[in-house]
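Everything on this sheet refers to the single structure shown next.
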Amino acid sequence: MTTVITFGTFDVFHVGHLRVIQRAAAFGDRLVVGVSADALNLRKKDRLPVFPEAERMEIVGALKEVDEVFLEESLELKRDYVQKYDAQVLVMGDDWAGRFDELTDVCRVEYLPRTPAISTTALIEKIASTA
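So for the sequence shown, my numbering puts the first residue at 31; every next one is plus one.
What follows is the structure in structure tokens.
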């Protein structure tokens with residue numbers, strides 16, 4: 031059985047999120063998803079997500095492609111997460127291309143193209159500008 035692991039904030043869930051999860055699931059038999067903690071998002075984006083981590087985990091966990099969800103506390107723990115969940119494949123968006131190549135000693139690393147013209151940040155900005 032091949033376990034695939036991927037990570038994301040998955041805030042303001044949209045079709046781009048769905049597609050990356052579907053495409054990640056196609057790399058194996060079991061998909062594990064790390065949902066970025068609120069505190070992690072505050073550190074990396076200097077803002078909290080619109081939806082709290084518990085709700086984002088519930089949404090992601092409800093998808094038929096997802097077998098297990100966990101809270102990602104730190105970007106620096108990717109290797110630990112891969113090993114903890116015995117993942118053979120790490121899937122990330124191509125906006126992270128090259129960033130996790132050092133993990134190729136423990137798993138295969140795949141970078142997927144993002145869905146064109148879809149961005150959570152852009153959606154949030156568009157919603158805020160019309161409010």
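Ideal placement from N, C-alpha and C gives every residue a C-beta, glycine not left out. Note that the structure is a prediction, hence the values are computed from the model and not measured.
Should residue i and residue j be called a contact, given that it needs their Cβ atoms to be closer than 7 Å?
{"i": "Gly46", "j": "Thr145", "result": "yes"}
{"i": "Cys137", "j": "Val121", "result": "no"}
{"i": "Ile35", "j": "Ala117", "result": "yes"}
{"i": "Ala67", "j": "Glu83", "result": "yes"}
{"i": "Glu95", "j": "Ala55", "result": "yes"}
Is residue i buried or exposed, if buried means 16 or more other CB atoms sit within 10 Å of its CB?
{"i": "Leu61", "result": "buried"}
{"i": "Asp41", "result": "buried"}
{"i": "Arg129", "result": "exposed"}
{"i": "Leu72", "result": "exposed"}
Residue i lies in the beta strand (DSSP E); which residues open and close that run?
{"i": "Met122", "result": "119 to 123"}
Quick one: grab the DSSP three-state call for residue i.
{"i": "Gly91", "result": "helix"}
{"i": "Thr32", "result": "coil"}
Could you give the first and the last residue of the continuous alpha helix (DSSP H) run that contains residue i?
{"i": "Tyr111", "result": "108 to 114"}
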